[in-house]
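Colleague: Sending over a structure as structure tokens; questions will come in a sec.
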């Protein structure tokens, strides 16, 4: 990523609806999340305390989406019975032309910093499709460790976990800025 590039996170709003719908039609987004309907019209208007929906912007231009949830509090109980003080992240780059430029790594580091900003959070979970080996390598490079294969709805997923201590060891001098929008 060029030195002059700055990625920031801001809350997703209803004004992002058209762009999020467009991204939902992109091949890499479909491949990563083929069976979910995000219900943007409803979900963007909701602001539950257990969730953040964020737009990642490169120099003010939206390039991706991140959702951070508290899986113990999330209302669909997608993750099942999990302990308190965890977070789970969904992340994607919107346009295929933005892949492979380091943006996902920066976005994920920003999301992780946001999660671990809360001193009570002990770990972060992710659940890429088992078939998405590129995502597995991406998360492993960030320090995530494989936990188990698990079926969520119609999807076979690989659950990964990043503990606070592993994150702190991997990012001792990470200088990041989070825009609160």
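Residue numbers (UniProt numbering): 1 to 181. Glycine included, every Cβ here is placed at the ideal spot set by N, Cα and C. None of the values given here were measured: they were computed from a predicted structure.
Nearest to residue 11 by CA position, among 28, 111, 78, is which residue?
Modeller: One-based indexing of the chain shown puts residue 11 at position 11. Considering only alpha carbons, the answer is 111.
Colleague: Please work out which residues of its chain come closer than 8 Å, Cβ to Cβ, to residue 170, disregarding the five sequence neighbours upstream and downstream, and give them in chain order.
Modeller: What you label residue 170 is simply residue 170 of the chain shown in a count that begins at 1. Closer than 8 Å at Cβ, skipping near neighbours: 142, 143.
Colleague: Taking the straight line between their C-alpha atoms, what separation do you get for residue 20 and residue 127?
Modeller: Here residue 20 corresponds to residue number 20 of the chain shown, with the count starting at 1. Here residue 127 corresponds to residue number 127 of the chain shown, with the count starting at 1. The straight-line gap from Cα to Cα measures roughly 21 Å.
Colleague: Tell me which residues share the same chain as residue 40 and place their Cβ nearer than 7 Å to its Cβ, disregarding the 5 neighbours each side in the sequence.
Modeller: Residue numbering aside, residue 40 sits at position 40 when the chain shown is read from its first letter. Result list for residue 40: 17, 20, 21, in chain order.
Colleague: Determine the contact status of residue 78 and residue 138, defining contact as a CB-CB distance below 8 Å.
Modeller: Within the chain shown, residue 78 is the residue found at index 78, counting from 1. Within the chain shown, residue 138 is the residue found at index 138, counting from 1. Going by C-beta atoms, residue 78 is not nearer than 8 Å to residue 138.
Colleague: For residue 96, tell me which candidate among 124, 24, 6, 7 has the shortest Cα-Cα distance.
Modeller: Within the chain shown, the letter at position 96 stands for residue 96. For residue 96, the nearest C-alpha among the options comes from 24.
Colleague: Suppose the cutoff is 8 Å on Cβ atoms and the five residues either side in sequence are ignored; what does the same chain contact list for residue 26 look like?
Modeller: Here residue 26 refers to the residue found at position 26 of the chain shown. Once the five neighbours on either side are set aside, the close Cβ partners of residue 26 are 94, 95, 96.
Colleague: Could you tell me the alpha carbon to alpha carbon distance between residue 162 and residue 49, rounded to whole angstroms?
Modeller: In the chain shown, residue 162 corresponds to position 162, counting from 1. In the chain shown, residue 49 corresponds to position 49, counting from 1. If you take the alpha carbons of residue 162 and residue 49, they lie about 22 Å apart.
Colleague: What is the C-beta distance between residue 103 and residue 7, in whole angstroms, given that I count them as a contact (C-beta under 8 Å)?
Modeller: Within the chain shown, numbered from 1, the residue matching residue 103 stands at position 103. Within the chain shown, numbered from 1, the residue matching residue 7 stands at position 7. Confirmed, Cβ separation roughly 6 Å.
Colleague: How far does the beta strand (DSSP E) with residue 6 in it reach, from first residue to last?
Modeller: Numbered from 1 along the chain shown, position 6 holds the residue referred to as residue 6. Element bounds for residue 6: n/a, residue is neither H nor E.
Colleague: Considering Cα atoms alone, identify which of 28, 32, 44 is closest to residue 13.
Modeller: Taking the first residue of the chain shown as 1, we reach residue 13 at position 13. Cα-wise, what sits closest to residue 13 is 44.
Colleague: Let me check understanding here. Comparing Cα to Cα, which of 132, 33, 101, 70 lies closest to residue 85?
Modeller: On the chain shown, residue 85 is found 85 positions in, with the first residue counted as 1. Answer by Cα proximity: 70.
Colleague: Can you tell me where the beta strand (DSSP E) with residue 61 in it begins and where it stops?
Modeller: Within the chain shown, numbered from 1, the residue matching residue 61 stands at position 61. 61 to 69 is the extent of the beta strand (DSSP E) around residue 61.
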